[in-house]
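Taken in order, these protein sequences are the chains called A and B. Residue 43 in full-length UniProt numbering sits at position 43 of the first sequence, with consecutive numbering throughout. Residue 58 in full-length UniProt numbering sits at position 58 of the second sequence, with consecutive numbering throughout. Where a beta carbon is used, it is the ideal one built from N, C-alpha and C, also for glycine. Read the structure below first, then the notes.
2 protein chains.
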Amino acid sequence: MKLKLKNVFLAYFLVSIAGLLYALVQLAEQLRQKDLRISQLQADLRRPPPAPAQPPEPEALPTIYVVTPTYARLVQKAELVRLSQTLSLVPRLHWLLVEDAEGPTPLVSGLLAASGLLFTHLAVLTPKAQRLREGEPGWVRPRGVEQRNRALDWLRSRGGAVAGEKDPPPPGTRGVVYFADDDNTYSRELFEEMRWTRAVSVWPVGLVGGLRFEGPRVQDGRVVGFHTAWEPNRPFPVDMAGFAVSLPLLLAKPNARFDGTAARGHLESSLLSHLVDPKDLEPRAANCTRVLVWHTRTEKPKMKQEEQLQRQGRGSDPAVEV
Amino acid sequence: MKLKLKNVFLAYFLVSIAGLLYALVQLAEQLRQKDLRISQLQADLRRPPPAPAQPPEPEALPTIYVVTPTYARLVQKAELVRLSQTLSLVPRLHWLLVEDAEGPTPLVSGLLAASGLLFTHLAVLTPKAQRLREGEPGWVRPRGVEQRNRALDWLRSRGGAVAGEKDPPPPGTRGVVYFADDDNTYSRELFEEMRWTRAVSVWPVGLVGGLRFEGPRVQDGRVVGFHTAWEPNRPFPVDMAGFAVSLPLLLAKPNARFDGTAARGHLESSLLSHLVDPKDLEPRAANCTRVLVWHTRTEKPKMKQEEQLQRQGRGSDPAVEV
Chain A
1 MKLKLKNVFL AYFLVSIAGL LYALVQLAEQ LRQKDLRISQ LQADLRRPPP
51 APAQPPEPEA LPTIYVVTPT YARLVQKAEL VRLSQTLSLV PRLHWLLVED
101 AEGPTPLVSG LLAASGLLFT HLAVLTPKAQ RLREGEPGWV RPRGVEQRNR
151 ALDWLRSRGG AVAGEKDPPP PGTRGVVYFA DDDNTYSREL FEEMRWTRAV
201 SVWPVGLVGG LRFEGPRVQD GRVVGFHTAW EPNRPFPVDM AGFAVSLPLL
251 LAKPNARFDG TAARGHLESS LLSHLVDPKD LEPRAANCTR VLVWHTRTEK
301 PKMKQEEQLQ RQGRGSDPAV EV
Chain B
1 MKLKLKNVFL AYFLVSIAGL LYALVQLAEQ LRQKDLRISQ LQADLRRPPP
51 APAQPPEPEA LPTIYVVTPT YARLVQKAEL VRLSQTLSLV PRLHWLLVED
101 AEGPTPLVSG LLAASGLLFT HLAVLTPKAQ RLREGEPGWV RPRGVEQRNR
151 ALDWLRSRGG AVAGEKDPPP PGTRGVVYFA DDDNTYSREL FEEMRWTRAV
201 SVWPVGLVGG LRFEGPRVQD GRVVGFHTAW EPNRPFPVDM AGFAVSLPLL
251 LAKPNARFDG TAARGHLESS LLSHLVDPKD LEPRAANCTR VLVWHTRTEK
301 PKMKQEEQLQ RQGRGSDPAV EV
């Protein structure tokens, strides 16, 4: 009996010790796990927060090549300042400014240098034979033909840059080419409409051709005609400001250029007929229902008082650039 | 002896049970604490990260209040789009656009809403007696007088805003007021020239008054005369685009406003003579040797073809805003 009781307690003693140790080991392991988790979480908190979402990489956008012919006149600097400030609002834009002059002028060179834009400065004088005679109405001879073709030559690696970016776009560059005269008015929205042009995109132009606007007629997302008063049967009755051409397409058609001898109103067609079938034009600006460019024209300032004062030797200081 | 041994084991039995229970309770409490800590840390991680550092406080700059009278015409939207895009390049600018109309028009309201600018939309119709008659040359009656005065009223807490920011600048606001018509051309540099105006600052204006430019003559940093062909003896022979006034000065002189009955070319003087002595004008733009604003005028577009097509029921779609 004595032994019996002792053995019972001894057995219990050993069992309880074992149980106690087991429980302690288990709990210690749980504590270690949780300490590990805590230090992990603390490390996560110390890690810097993820950078805020960036605007889409400009490198991802096709470049917009804006071709602007310009010529010396009283309002030239005002027009170019106004236009350059509009272009400065557009990402991934390259301005091809082409002077109608034998070489670069100080006024335009200084303006480009101060513009902060990526630019290429070109210059080509319009041959005398093609120049507008004194008193001739503007429509007799189209202006800017030589200059736009010089820009096309530069894009096609034929050189000619006098300042700015002198290397043409490398092969395979994604881009679009737009011919923007220096007197029109451009909404910044227009440039995003043209950026992803596949071949040739089109949209309405305000205050042109004697109408509130001219532009393509669109049905089911396709161009089916044109709203215009002047020769609606021209192959492409669109204004210079009303279309953009993809750069790869222009480079694939080396003969596509402007023909200065084309009949009145056919200058745009002389380029576009090399590039696209009218039915394949890509309507933009909400199926051509939004006017985002206006064919504005700036009055020629009268200089009567200037001439009077100059005769008296009191003319405006010529050292001040206007 | 039998009993003794029994008691020893019994005592150990009770003590070990108590110890075991105590250990379990302790450990369970530690586990609870750590679970709590873990859920706290997880909550911290879910909290959004702090906003990234902002660009330097524009609040440090005086506000430029640009007052622009405008009236309905074919080129109105083009002009306002062009101007609003220029103003969007200027920090800390507040556009006060005042329509010459009984109330706000949808065209201007939509344009302001889309501009992204801080603006106040005002409207006041020019009384019939002061309106330009058909065929009258522009200089007979100054345009925009009522509209500029309405903007001055708003700045002086007399209300009248129809949309946008309706509360006038709080007392003590540092700012400058500039009267910018919707057809001129403004370099973005001009606004930084005027921002720190103490009383009234002045600079040249290009292509105005029949001259290449009009502007103050400056000697030793002071205005000693004016280059102008028209009535050089006017108190202030400056164009509306050629000066800016500090906001505190305008508020300190509640009677300073434009007098529509002033003689031709004296409209600017009718305001400025309340505010400053000509010799205290502050020359800007490199002592008035740089032209940063041009008095450009946009041609009225011809609508001959539009009228022809409308007679044939084929006019431009009136649903398209131009």
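{"query": "Contact check, residue 253 of chain B vs residue 275 of chain B, beta carbons under 8 Å", "result": "yes"}
{"query": "Chain A within 8 Å of residue 106 of chain B, Cβ atoms only", "result": "no"}
{"query": "Boundaries (first-last residue) of the beta strand (DSSP E) holding residue 214 of chain A", "result": "213-219"}
{"query": "Segment contact, 8 Å Cβ cut-off, at least three pairs: the stretch 301-309 of chain A with the stretch 221-240 of chain B", "result": "yes"}
{"query": "Sufficient close CB pairs (3 or more, under 8 Å) joining the stretch 61-68 of chain B to the stretch 92-100 of chain B", "result": "yes"}
{"query": "Neighbour flag for residue 64 of chain A against chain B, beta carbons, 8 Å", "result": "no"}
{"query": "Partners in chain A for residue 209 of chain B, counting only beta-carbon separations shorter than 8 Å", "result": "305"}
{"query": "Any C-beta of chain A under 8 Å from that of residue 109 of chain B", "result": "no"}
{"query": "Those runs of the alpha helix (DSSP H) which lie wholly inside the stretch 222-255 of chain B and span at least 4 residues", "result": "247-252"}
{"query": "Presumed contact (8 Å Cβ cut-off) between residue 12 of chain A and residue 13 of chain B, rounded CB distance", "result": "7 Å"}
{"query": "Reference residue 79 of chain A; option with closest CA among A/273, A/161, A/168 and A/184", "result": "A/184"}
{"query": "Contact set between the stretch 77-104 of chain A and chain B, restricted to residues whose Cβ is under 8 Å from the partner", "result": "77, 78, 79, 81, 82, 85, 86, 88 and 89"}
{"query": "Assigned secondary structure, residue 19 of chain B (DSSP; H/G/I helix, E/B strand, else coil)", "result": "helix"}
{"query": "Nearest-angstrom Cβ-Cβ length linking residue 120 of chain B and residue 165 of chain B, presumed shorter than 8 Å", "result": "5 Å"}
{"query": "Beta strand (DSSP E) runs contained entirely in the stretch 170-197 of chain A, provided each spans 3 or more residues", "result": "175-179"}
{"query": "Chain B contacts made by the stretch 208-235 of chain A, where a contact means CB separation under 9 Å", "result": "208, 209, 210, 211, 212, 213, 214, 215, 227, 228, 229 and 230"}
{"query": "Test: residue 166 of chain A CB closer than 8 Å to a CB of chain B", "result": "no"}
{"query": "Within-8 Å CB hit, residue 327 of chain A to chain B", "result": "There is no way to answer for residue 327 of chain A, as the model of chain A reaches only from 1 to 322."}
{"query": "Span of the alpha helix (DSSP H) around residue 86 of chain A", "result": "76-87"}
{"query": "Cβ neighbours of residue 98 of chain B in the same chain (closer than 6 Å, five flanking residues each side left out)", "result": "69, 122, 147, 150 and 151"}
{"query": "C-alpha distance - residue 18 of chain A paired with residue 10 of chain A, whole-angstrom precision", "result": "12 Å"}
{"query": "Interface flag, residue 70 of chain A vs chain B, CB-CB below 8 Å", "result": "no"}
{"query": "C-alpha distance - residue 199 of chain A paired with residue 173 of chain B, whole-angstrom precision", "result": "53 Å"}
{"query": "Own chain residues within Cβ distance below 7 Å of residue 87 of chain B, not counting five before or after", "result": "66, 93, 95 and 117"}
{"query": "Neighbourhood of residue 107 of chain A by C-beta distance below 8 Å, restricted to the same chain and skipping five residues each side", "result": "72, 76, 77 and 321"}
{"query": "CA-to-CA distance, residue 44 of chain A to residue 182 of chain A, given in whole angstroms", "result": "56 Å"}
{"query": "Straight-line gap, residue 162 of chain B to residue 103 of chain B (C-alpha atoms, nearest Å)", "result": "8 Å"}
{"query": "Residue environment, residue 136 of chain B, which counts as buried when at least 16 other CB atoms sit within 10 Å", "result": "exposed"}
{"query": "Assigned secondary structure, residue 201 of chain B (DSSP; H/G/I helix, E/B strand, else coil)", "result": "strand"}
{"query": "Within chain A, partners of residue 115 of chain B - CB distance below 9 Å", "result": "By Cβ distance, chain A contributes nothing, its closest Cβ being about 11 Å from residue 115 of chain B, past 9 Å."}
{"query": "Three-state secondary structure (DSSP) of residue 41 of chain B", "result": "helix"}
{"query": "Spatial distance of residue 5 of chain A from residue 20 of chain A (CA atoms)", "result": "22 Å"}
{"query": "Residue 31 of chain A: CB within 7 Å of a non-hydrogen atom of the ligand GDP", "result": "No copy of the ligand GDP appears in this structure; indeed no ligand is present at all."}
{"query": "Beta carbon proximity, residue 25 of chain B to chain A, threshold 8 Å", "result": "no"}
{"query": "DSSP state of residue 315 of chain A mapped onto helix, strand, coil", "result": "coil"}
{"query": "In DSSP terms, what residue 283 of chain B is bridged to", "result": "B/202"}
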